[in-house]
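Enquirer: In my numbering, the protein residues as written are 21 to 367. In this text, a Cβ means the ideal position worked out from N, Cα and C, and glycines have one as well.
1. Which residues mark the beginning and the end of the alpha helix (DSSP H) in which residue 324 is found?
2. Please classify residue 348 as buried or exposed, where buried requires at least 16 neighbouring CB atoms within 10 angstroms.
3. Below 8 Å on the Cβ atoms is my guess for residue 55 versus residue 26; work out the distance and round it to an integer in Å.
4. Leaving aside the five residues before and after residue 88 along the sequence, list all residues of the same chain whose C-beta is less than 6 Å from its C-beta, in chain order.
5. Tell me the residue span of the alpha helix (DSSP H) that contains residue 45.
6. So, with DSSP's three-state summary, where would you put residue 129?
7. Return yes when the Cβ of residue 196 is within less than 8 Å of the Cβ of residue 147, no when it is not.
8. Strictly by DSSP, which residues pair up with residue 429?
9. Suppose you measure from the CA of residue 198 to the CA of residue 256; what does that come to, to the nearest Å?
10. Check residue 134 in the structure and name its three-state DSSP category.
11. Nearest to residue 59 by CA position, among 44, 95, 73, 43, is which residue?
12. Among 351, 90, 280, which one has its Cα closest to the Cα of residue 138?
13. From the DSSP output, read off the bridge partner residues of residue 65.
14. Note down, in chain order, each residue of its chain lying with its Cβ closer than 7 Å to the Cβ of residue 125, except the 5 sequence neighbours on either side.
15. Taking the alpha carbon of residue 97 as the reference point, which residue from 33, 144, 85 has its own alpha carbon closest?
16. Alpha carbon to alpha carbon, how far is residue 65 from residue 205? Give it in angstroms, no decimals.
17. With 16 as the cutoff for other CB atoms within 10 Å, does residue 293 come out buried or exposed?
18. Expressed to the nearest angstrom, what Euclidean distance is found between the alpha-carbon atoms of residue 258 and residue 252?
19. Among 211, 318, 112, which one has its Cα closest to the Cα of residue 229?
20. Are the Cβ atoms of residue 343 and residue 122 separated by less than 8 Å?
21. Using C-beta distances below 6 Å, list every residue in its chain close to residue 189, excluding the 5 sequence neighbours before and after it, in chain order.
22. With a threshold of 16 other CB atoms inside 10 Å of the CB of residue 359, please say whether the residue is buried or exposed.
23. What span of residues does the beta strand (DSSP E) with residue 247 cover, start to end?
24. Tell me, please, which residues DSSP counts as bridged to residue 238.
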């Protein structure tokens with residue numbers, strides 16, 4: 021019989037996403053207790069009806085003695101301050117995306133967690149998604165051939181945020197997926213964005229990511245102002261193409277479609293290219309819930325002291341892309357990641 025005490029995990033911010041963490045953490049075998057933390061009493065009372073045995077606190081300070089780790093699911097601009105408060109108390113933290121809203125904030129978290137000897141994990145949920153794992157395998161095994169580009173779209177009508185624009189709200193998911201699938205980070209980013217319904221924050225944006233391999237690029241479209249819910253990444257290679265659609269029944273489809281080598285002695289009466297249309301295959305993808313996989317991993321890292329797969333460095337890499345995109349909006353050109361690494365860009 022295992023008498024080792026379980027891990028105590030607190031969830032800060034029990035709104036839409038935090039309540040999902042509360043739900044899955046109750047199903048993690050190594051989690052002994054879940055502590056709910058929110059300054060809004062109505063949220064705590066609503067959750068307490070489903071989880072009456074859980075401790076509830078209106079502030080992080082009151083909850084810290086009762087937890088070994090914290091999941092921070094509050095508005096993005098509050099992430100750094102809350103995480104630093106927990107780290108200073110010697111607690112492990114999982115910070116929802118984005119890790120921080122500035123590059124300097126992400127560095128502060130990395131340095132503080134290292135000094136305190138605690139776990140810092142970025143909540144890049146899609147890196148724990150079996151469908152994304154399959155897309156990564158298709159790309160890295162070169163089953164698709166030479167990868168030409170990735171194209172992602174994350175669209176919906178809302179949810180509008182109060183403290184960040186659509187780039188910082190939605191693009192972290194796509195940037196983390198692309199970083200994970202490719203196994204490398206972009207050198208530069210260019211962004212275009214507009215705010216239509218929101219008076220201050222951009223609600224529609226397009227990002228283009230540039231790489232050391234100039235034949236490769238990635239494109240991201242994010243929107244709070246779209247009539248259809250879209251969660252899709254397309255990978256186009258020289259041999260095959262793949263579609264990852266997170267809301268489709270078949271989340272991964274591999275299409276044996278492509279363009280053949282141009283005809284050398286082309287005639288104006290003939291098409292310049294020939295096209296290949298083959299089978300469409302939907303490989304098996306495990307039905308594991310990504311948030312469950314992620315939170316299990318966090319609990320295990322807290323218990324063993326292991327380094328998370330999505331650690332502070334992973335979170336920083338995403339924040340740098342977001343910061344470069346934001347800088348690109350100001351200066352109207354592609355911005356190198358190295359330019360924002362020290363937050364040197366100024367309008």
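Expert: Let me lay it out:
1. In the DSSP annotation of this structure, the continuous segment of the alpha helix (DSSP H) that includes residue 324 starts and ends at 310 to 324.
2. Burial state of residue 348 is buried, judged by a 10 Å Cβ sphere holding 16 or more other Cβ atoms.
3. Contact flag wrong, Cβ pair sits at about 13 Å.
4. Its chain contains 27, 28, 322 as the residues whose beta carbon lies nearer than 6 Å to that of residue 88, once the 5 sequence neighbours on both sides are disregarded; these appear in chain order.
5. Here the alpha helix (DSSP H) through residue 45 covers 36 to 45.
6. Residue 129 falls in the helix class under three-state DSSP.
7. Contact flag set, yes.
8. The displayed coordinates of the chain run from 21 to 367. Any statement about residue 429 would go beyond what the structure contains.
9. Cα atoms of residue 198 and residue 256: separation of roughly 13 Å, rounded to the nearest angstrom.
10. If DSSP states are grouped into helix, strand and coil, residue 134 belongs with the helices.
11. For the residues 44, 95, 73, 43, the minimum Cα distance to residue 59 belongs to 95.
12. Among 351, 90, 280, the Cα nearest to that of residue 138 is on 90.
13. Residue pairing by DSSP leaves residue 65 without any beta bridge partner.
14. The answer, listed in chain order, is 100.
15. Checking every option, the nearest Cα to that of residue 97 belongs to 33.
16. Distance from the CA of residue 205 to the CA of residue 65, rounded to the nearest whole angstrom, comes to 43 Å.
17. Here residue 293 is exposed: its Cβ has fewer than 16 other Cβ atoms, across all protein chains shown, within 10 Å.
18. Computed Cα separation, rounded: 20 Å.
19. Of the candidates 211, 318, 112, the residue whose Cα lies closest to the Cα of residue 229 is 211.
20. Yes, the pair counts as a contact, with Cβ atoms nearer than the cut-off.
21. So the qualifying residues of the chain are 181.
22. By the neighbour-count rule (16 or more Cβ atoms within 10 Å), residue 359 is buried.
23. Per DSSP, residue 247 belongs to the beta strand (DSSP E) from 245 to 257.
24. BP columns for residue 238 point to 170, 229.
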